[in-house]
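Asker:
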Amino acid sequence: MAPYFFYFLAFLAIFSALMVVFSKNPVYSVLFLVMTFFAIAGQYILLNAQFLAVVHIIVYAGAIMVLFLFVVMLLNLNKELEPHKSSLLKLAGVIASGILMLTLIGTFRGATEQVVGAGLSDGLTYNNQVGLVKNLGKVLFSDFLLPFELSSILFLSAMVGAVMLGKRDKEPIEL
Amino acid sequence: MKAIIILSALGLATMFVGVYNFKKALLPMILLGLLAVIGINTMEWNTNIHYYNDMLYFDNWAVSFTNLILAVSILVFLLSGQYFKKNTDHLEDNYSIIIFTIIGAILMVSYSNLAMLFIGIETLSISLYILAGSKKTSLASNEASLKYFLMGSFATGFLLFGIVLLYGASGTFHLHGIKDYVIENHASLPTIFYVGILLMMVGLAFKISIVPFHFWTADVYEGSPTLITAFMATVVKIAGFAAFLRLFFTCFSSITEHFVPILCILAVLTMFLGNITAVYQNNFKRMLAFSSISHAGYMLLAIIALKESSFIAILLYTAAYSVATITAFAVLLMIKAAHQENDSIDTFNGLAKRSPFMAFTLTIAMLSLAGIPITGGFFAKYYLFANTISAGYTWLVVLAVFNSAIGVYYYFKVIIAAYFKEGSEEKLSIFPAYQLVLIITAIATLLLGILPGLITEMM
């Protein structure tokens with residue numbers, strides 16, 4: 027049963043990701059992006075990584091997408107305001123990302139056999155309980171304690187910055 | 012590690028001092044704090060401790076790069092007193108974010124786990140995105156911040172994808188684990204491992220502005236507040252190159268044949284594009300941006316050589332480059348403080364008559380950047396090139412020397428403007444802090460050139 031779910035979710039993710047790019051209306055784009063996130067969260071559940079799936083939905087589909095929607099609606103984007111990109115630039119983009127796509131497709135074809143062939147199969151076996159909250163928490167608060175704590179500095183500096191950029195200056199500074 | 016803890020406390024203390032309005036005490040406190048951190052950090056010399064499950068590894072390289080970052084930051088802070096006095100209302104916020112940036116940079120030079128590398132790069136970058144936009148009413152500053160942010164997060168995506176692929180192949184985030192994996196499976200490394208290396212290279216090359224990932228550099232350097240540009244041009248380069256070298260030297264030094272050809276192409280492109288574009292710049296900040304790109308190209312040679320001595324080469328080169336760059340920005344700031352002029356090279360016209368001292372220090376800095384003997388820049392370049400030749404890349408060094416010759420042209424343009432062109436006759440006064448910085452940097456530049464043994468013997 028699982029393979030069918032996988033293919034369905036993968037199709038859904040790719041289809042809605044393409045629709046994000048091709049929709050004319052930015053609000054539709056954002057809604058399709060929400061769909062992409064849900065499809066990917068579904069993939070996480072298939073991998074038994076429930077915590078990741080829930081966090082993914084809460085953070086991305088919940089918080090960030092709502093922010094996106096608000097910004098898109100407030101900016102009132104429409105087609106007339108959209109700057110025209112030269113076709114040369116588009117061509118360059120297509121070539122560059124096409125090459126990257128080819129590289130990645132080439133990479134992942136047969137990646138499983140290669141990785142197993144390179145000696146991972148004997149030492150490590152995949153533990154399907156690894157994505158559960160309990161196991162994740164244990165790893166996060168033992169092996170990865172230092173990065174976990176130091177990320178607080180990252181958030182603190184982002185927060186201080188947000189406040190600083192948002193605060194009103196006492197007197198306007200000359201340009 | 013102790014440096015990181017103390018700096019975090021210092022950053023918090025800075026914010027609290029700001030809350031209680033002791034703004035006069037802020038700068039002395041930070042300077043004393045940074046000096047103390049240098050002292051405490053130096054005590055970790057030769058201890059080689061692995062911290063917290065091998066997340067950070069403070070070997071001598073990490074200690075010396077950390078000290079270099081702290082020393083450069085002290086110079087920037089010395090300049091900041093006068094600069095922020097008229098440029099911002101949010102003194103404590105700016106200061107604390109700069110301190111957090113330094114923590115990110117220290118993580119980048121001492122990591123022993125890819126998770127730490129990521130946290131370090133993000134702490135550094137996110138703080139810098141904010142600092143780049145800290146001149147809120149300036150359109151150029153806003154543009155710089157947004158551009159840096161968008162491109163930077165895109166590059167971080169590449170870096171993360173690279174980390175994921177390396178993990179997928181090797182099953183570990185630890186540098187030494189990856190190294191063991193590479194040695195064990197030398198013959199049959201999976202394709203995803205190579206692509207992982209490639210993507211990490213893209214992510215890191217963005218941070219140190221290697222062509223073709225350099226497009227943000229000129230606009231961001233030009234638009235950011237000048238003091239922040241000085242900080243960005245020095246600290247980020249030091250941390251970025253140390254991180255790049257640490258990763259590639261530790262993990263991939265046994266499979267150089269797979270990525271060195273790419274690095275060679277990038278180095279040649281970076282040197283030529285950086286130098287040739289710099290020749291055509293009239294804006295001093297833009298010129299320094301392109302000169303920083305070209306210096307990144309030279310420093311890439313050390314990573315191509317990929318030997319133990321590459322660390323010395325990078326340390327010397329970043330030290331000489333940072334000191335000279337700080338001098339250049341200090342002089343620019345001083346001239347701009349006197350009367351609001353633009354950033355064009357013409358601002359230096361007649362500087363020798365207006366302030367002989369500043370013209371002299373600026374000349375030393377430019378000679379050092381150009382790589383003229385008895386300055387630090389010359390010896391650093393010499394060491395770097397000798398190191399590359401002994402690794403067998405003579406053709407690259409020939410191209411690099413040719414590029415240095417192009418570099419001489421645009422660095423001398425500044426010296427000629429200062430000494431031989433007519434400008435305003437009005438005398439320039441100089442703030443004591445700036446004078447101190449200029450004296451320190453001039454002495455450091457000459458010392459690095461005359462007695463480089465101080466650093467090379469120590470290692």
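Protein sequence lines, in the order shown, are assigned to chains A and B. For the first sequence, the numbering used here assigns the number 201 to the last residue and increments by one with no breaks. For the second sequence, the numbering used here assigns the number 470 to the last residue and increments by one with no breaks. Here a beta-carbon is modelled for each residue, glycine too, at the ideal position from N, C-alpha and C. Fair warning: this is a prediction, and the values are worked out from it, not measured in the lab.
1. Across which residues does DSSP place B/ASN294 in a beta bridge pair?
2. State yes or no: is the beta carbon of B/GLY144 nearer than 8 Å to at least one beta carbon in chain A?
3. So for B/PHE69, helix, strand or coil by DSSP?
4. Below 7 Å on C-beta distance, what does A/ILE179 contact in chain B?
5. Look at B/PHE76 and A/ILE179 and say whether their C-beta atoms are less than 8 Å apart.
6. How many Å lie between B/PHE184 and B/ILE174 at the Cα?
7. In the DSSP assignment, what are the bridge partners of B/ASN124?
8. So if DSSP puts B/ILE60 in a beta bridge, which residue, or which two residues, is it bridged to?
9. I want to see whether chain B comes within less than 8 Å of A/LYS193, judged by CB atoms only; does it?
10. Measure the alpha-carbon distance for B/LYS438 versus B/LYS364 and round it to whole angstroms.
11. Look at the alpha carbon of A/GLU200 and the alpha carbon of B/THR148, and state the distance between them as a whole number of angstroms.
12. Roughly how many angstroms lie between the CA atoms of A/TYR30 and B/ALA180, to the nearest whole one?
13. Could you spell out where the alpha helix (DSSP H) holding B/PHE259 opens and where it closes?
14. Sorted by chain position, which residues of the same chain lie with C-beta nearer than 6 Å to B/ALA444's C-beta, five sequence neighbours on each side aside?
15. Can you tell me where the alpha helix (DSSP H) with B/GLN446 in it begins and where it stops?
16. Going straight from the alpha carbon of B/MET345 to that of B/PHE423, what length do you get?
17. Taking only beta-carbon atoms, is A/LEU176 less than 8 Å away from chain B?
18. Have a look at B/LEU462, B/ILE141, B/ILE461 and B/LEU274 and flag the residue whose alpha-carbon is nearest the alpha-carbon of B/ILE208.
19. Give the secondary structure of A/LEU73 by DSSP, where H, G and I count as helix, E and B as strand, and everything else as coil.
20. Between B/LEU395 and B/ALA278, is the Cβ-Cβ spacing less than 8 Å?
21. Under the three-state reduction of DSSP, which class applies to A/MET27: helix, strand or coil?
22. Hey, how far is the Cα of B/VAL206 from the Cα of B/THR58?
23. Ordered along the chain, which non-local residues of its own chain (more than five positions away) have a Cβ less than 6 Å from that of A/ILE121?
24. Kindly list the residues whose CB is nearer than 7 Å to the CB of A/ASP148, restricted to its own chain and excluding five residues on each side of it in sequence; keep chain order.
25. If contact is defined by three or more beta carbon pairs under 8 Å, each pair taking one atom from either stretch, is the stretch 252 to 261 of chain B in contact with the stretch 331 to 341 of chain B?
26. Quick one: what does DSSP say B/GLY464 is sitting in, helix, strand or coil?
27. Extract the residue ranges of the alpha helix (DSSP H) inside the stretch 68 to 154 of chain B, only unbroken runs of 4 or more that lie entirely within it.
28. Please identify the residue among B/MET377, B/ASN414, B/THR386 and B/GLN446 whose C-alpha is closest to the C-alpha of B/VAL11.
29. A/MET190 touches chain B at which residues, Cβ-Cβ below 8 Å?
30. Check A/ALA39 in the structure and name its three-state DSSP category.
31. May I ask which residues mark the beginning and end of the alpha helix (DSSP H) holding B/PRO201?
32. Could you name the residues of the stretch 59 to 89 of chain B whose beta carbon sits closer than 9 Å to any beta carbon of chain A, in the order they occur along the chain?
33. Helix, strand or coil, according to DSSP, for B/GLU436 in the structure here?
34. Looking only at C-alpha atoms, which of B/HIS197, B/SER123 and B/GLY308 sits nearest to B/GLY286?
Answerer: According to the structure shown:
1. Taking the first residue of the second sequence as position 1, residue 294 of chain B is located at position 283. Per DSSP, B/SER355.
2. Reading the second sequence from its first residue, position 133 is the one you call residue 144 of chain B. It does: the Cβ of B/GLY144 has a partner Cβ on chain A nearer than 8 Å.
3. Counted from its first residue, the second sequence places residue 69 of chain B at position 58. Of the three classes helix, strand and coil, the one that applies to B/PHE69 here is strand, per DSSP.
4. Against the first sequence, residue 179 of chain A aligns to sequence position 153. The answer, in chain order, is SER19, PHE111, ILE114 and THR134.
5. Along the second sequence, read from residue 1 onward, the residue named residue 76 of chain B stands at position 65. Along the first sequence, read from residue 1 onward, the residue named residue 179 of chain A stands at position 153. Not a contact, by the Cβ cut-off of 8 Å.
6. Within the second sequence, numbered from 1, the residue matching residue 184 of chain B stands at position 173. Within the second sequence, numbered from 1, the residue matching residue 174 of chain B stands at position 163. The straight-line gap from Cα to Cα measures roughly 8 Å.
7. Reading the second sequence from its first residue, position 113 is the one you call residue 124 of chain B. In the DSSP output, where bridge partners are listed per residue, B/ASN124 has B/HIS185.
8. Locating residue 60 of chain B in the second sequence gives position 49, counting from the first residue. Paired residue(s): B/PHE69.
9. By 1-based counting over the first sequence, the position of residue 193 of chain A is 167. Cβ-Cβ to chain B under 8 Å: yes for A/LYS193.
10. Along the second sequence, one-based indexing puts residue 438 of chain B at 427. Along the second sequence, one-based indexing puts residue 364 of chain B at 353. The alpha-carbon atoms of B/LYS438 and B/LYS364 are separated by roughly 8 Å.
11. Taking the first residue of the first sequence as position 1, residue 200 of chain A is located at position 174. Taking the first residue of the second sequence as position 1, residue 148 of chain B is located at position 137. With a pLDDT of only 48 at A/GLU200, under 50, the local geometry of the prediction cannot be trusted, and no value is derived from it.
12. Within the first sequence, residue 30 of chain A is the residue found at index 4, counting from 1. Within the second sequence, residue 180 of chain B is the residue found at index 169, counting from 1. Those two C-alpha atoms are separated by around 27 Å.
13. Within the second sequence, numbered from 1, the residue matching residue 259 of chain B stands at position 248. 248 to 263 is the extent of the alpha helix (DSSP H) around B/PHE259.
14. For the purposes of this step, residue 444 of chain B is taken as the residue at position 433 of the second sequence. Within the same chain, B/ALA444 has close Cβ partners LEU89 and GLY92.
15. As a working note, residue 446 of chain B is residue 435 in the second sequence. Unbroken alpha helix (DSSP H) run through B/GLN446: 443 to 461.
16. The residue labelled residue 345 of chain B in the question sits at position 334 within the second sequence. The residue labelled residue 423 of chain B in the question sits at position 412 within the second sequence. The alpha-carbon atoms of B/MET345 and B/PHE423 are separated by roughly 20 Å.
17. Position 150 of the first sequence, counted from the first residue, corresponds to residue 176 of chain A. Answer yes: the Cβ-Cβ gap between A/LEU176 and chain B drops below 8 Å somewhere.
18. Translated into the one-based positions of the second sequence, residue 208 of chain B becomes position 197. The shortest C-alpha separation from B/ILE208 is found at B/LEU274.
19. Taking the first residue of the first sequence as position 1, residue 73 of chain A is located at position 47. Residue state, collapsed to three classes: coil.
20. Translated into the one-based positions of the second sequence, residue 395 of chain B becomes position 384. Translated into the one-based positions of the second sequence, residue 278 of chain B becomes position 267. Result no, Cβ atoms of B/LEU395 and B/ALA278 do not sit closer than 8 Å.
21. Looking up residue 27 of chain A in the first sequence gives position 1. It is coil, neither helix nor strand.
22. Stepping through the second sequence from its first residue, residue 206 of chain B is reached at position 195. Stepping through the second sequence from its first residue, residue 58 of chain B is reached at position 47. Those two C-alpha atoms are separated by around 35 Å.
23. For the purposes of this step, residue 121 of chain A is identified with residue 95 of the first sequence, where counting begins at 1. So no residue of the chain qualifies.
24. Position 122 of the first sequence, counted from the first residue, corresponds to residue 148 of chain A. At A/ASP148 the pLDDT is 47, less than 50, meaning the model places this residue with poor confidence; the figure from the coordinates comes in the next sentence. Nothing listed; no residue qualifies.
25. no
26. The residue labelled residue 464 of chain B in the question sits at position 453 within the second sequence. Residue state, collapsed to three classes: helix.
27. 71 to 98, 102 to 121 and 125 to 143
28. Lying outside 12 to 470, the shown extent of chain B, residue 11 of chain B is not represented and no answer is given.
29. Here residue 190 of chain A corresponds to residue number 164 of the first sequence, with the count starting at 1. HIS101, ASP104, ASN105, ILE108, ILE141 and SER145, listed in chain order.
30. Within the first sequence, residue 39 of chain A is the residue found at index 13, counting from 1. In this structure, A/ALA39 counts as helix in the three-state DSSP scheme.
31. As a working mapping, residue 201 of chain B is identified with position 190 in the second sequence. Element bounds for B/PRO201: n/a, residue is neither H nor E.
32. TYR62, TYR63, ASN64, MET66 and LEU67
33. Here residue 436 of chain B refers to the residue found at position 425 of the second sequence. Correct three-state label for B/GLU436: coil.
34. Start at 1 with the first residue of the second sequence, and residue 286 of chain B comes out as number 275. Residue identity check: residue 286 of chain B is Asn in the sequence provided, not Gly. Closest by alpha carbon: B/GLY308.
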